[in-house]
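Only one structure is covered here, and it is reproduced in the block below.
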Amino acid sequence: MTTATPASPADWTDGLGLARVLHGGGPVVALRRDGAAKARLALVEGQVFDDLPALLEAAEGDPAAIEGGAVIDAPDHRLLSPVGRPGKVICIGQNYLAHVHEGGRDTGPAHPDLFPKWHTSLTGPFAEVALPPESDQIDYESELAVVIGAHARRIAAEDAESVIFGYTAANDVSVRDFQFHTTQRVAGKAWDGLTPVGPVVVPVTRLGGARPDLSIKGTLDGEVLQDDRTSSLLFGVPELLAYITTVMTLEPGDLILTGTPSGVGFVREPKVLLRDGSEFEVRIEGIGALRNRFVAEKVG
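Residues 401 to 700 in my numbering are what the sequence shown lists, from first letter to last.
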């Protein structure tokens with residue numbers, strides 16, 4: 401393969417990160433600037449990768465090991481979730497105080513509120529997302545997502561940055577009636593194709609380290625409904641990693657969705673939910689926007 405001028409980590413200015421692009425009949429990991437229609441193949445020792453976990457393993461979680469290769473087309477419609485098959489997708493509930501309050505509670509949980517998703521729930525940052533016909537109570541949740549860069553078990557909070565590769569944006573789309581069928585919320589959270597992620601993963605050092613203070617906004621059909629800063633997290637990223645790695649080993653490419661700010665639709669009066677034709681955007685400072693149109697799923 402012919403490579404172009406390498407892009408050093410010093411060139412990773414705001415808005416430039418790792419994306420996963422449909423190219424040549426399959427996915428490839430590439431370096432892409434938010435909103436750009438071109439990207440460079442992401443290489444580690446000349447090797448091309450189809451998913452982020454393998455690239456991060458090869459790079460040992462170090463952005464300095466990643467170089468830019470040949471230029472490829474990377475328009476929005478070709479972008480996939482930056483991580484296709486993470487070993488784990490761990491989500492955090494009730495992690496902004498205003499969101500706790502809007503749900504009718506005075507205080508947040510004493511410990512991080514964990515629940516899982518699986519890789520089948522993930523979809524691209526600009527994909528058209530099918531609304532399942534089994535529910536008419538489908539809600540949005542704008543979230544900062546952590547991408548793990550190294551194997552981690554029993555990590556102290558002060559060492560958290562050493563195992564974080566970077567951050568991206570996510571929409572934890574929630575099927576509310578299924579979520580409340582039982583005390584376990586998984587049935588409302590892990591639906592196939594209902595978790596857009598992207599557009600790029602920006603290295604942790606570009607976004608303020610393990611305690612980023614970034615604007616996070618959720619916009620439905622042009623109206624801003626969620627507006628906060630990631631510094632408002634009740635359990636910051638270091639505390640989340642310390643707690644999670646007490647329980648389990650985190651591995652390169654694992655995703656942690658850190659929770660949503662206030663402004664979700666099901667607690668509003670009247671409720672504001674996703675309908676056929678809705679467009680929802682999650683925008684996080686320094687990362688960019690993922691923007692998805694929701695359409696009624698055709699069954700049969």
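Cβ coordinates follow ideal geometry from the N, Cα and C atoms, glycine included.
Runs of beta strand (DSSP E) with 3 or more residues, each lying fully within the stretch 519-586, are found at 528-531, 542-548, 564-571, listed in chain order. Cβ contact annotation for R629 (same chain, cutoff 8 Å, sequence separation greater than five): D613, L614, S615, I616, in chain order. For the pair R675 and P532, the Cα-to-Cα distance works out to about 11 Å. Nearest to E681 by C-alpha distance, out of G469, E543, I656, G608, is E543. For H423, the enclosing beta strand (DSSP E) has its first and last residue at 416-423. Nearest to T595 by C-alpha distance, out of N571, A454, Q579, V602, is N571. When rounded, the separation of the alpha-carbon atoms in G677 and G686 is 28 Å.
Around K517, the same chain offers V489, C491, K589, A590, T595 as residues with beta carbons nearer than 7 Å, after the five sequence neighbours per side are excluded.
Comparing alpha-carbon positions, the option among L690, N692, K698, V667 lying closest to G504 turns out to be V667. DSSP lists E528, E679 as the bridge partner or partners of R693. In the structure shown, the three-state DSSP call for T658 is coil.
If you draw a straight line from the Cα of A557 to the Cα of D577, it is about 36 Å long.
P638 places its beta carbon less than 8 Å from that of R611.
Taking every protein chain shown into account, the CB of E651 has 16 or more other CB atoms within 10 angstroms, so this residue is buried.
Closest by C-alpha distance to G622, out of T583, T646, R683, is R683. According to DSSP, K438 shares a beta bridge with D473.
Residue pairing by DSSP puts Y496 in a beta bridge opposite L633. It is roughly 7 Å from the alpha-carbon of A560 to the alpha-carbon of A642. By the CB criterion at 8 Å, T568 and V601 fall inside the cutoff. A residue is called buried once 16 or more other Cβ atoms fall within 10 Å of its Cβ, and D473, having fewer, is exposed.
Annotation for A459: the continuous alpha helix (DSSP H) segment containing it runs 452-459. The three-state secondary structure of P638, taken from DSSP, is helix. Around S662, the same chain offers Y496, A498, H499, H501, E502, Q626, D628 as residues with beta carbons nearer than 8 Å, after the five sequence neighbours per side are excluded. In the DSSP assignment, D627 is bridged to K617. A straight line joining the alpha-carbon of T523 with that of G593 spans about 5 Å. Per DSSP, V483 has no beta bridge partner at all.
The bridge partners DSSP lists for I684 are I616, G688. Contact check for L431 against G468 passes: the beta carbons are separated by less than 8 Å.
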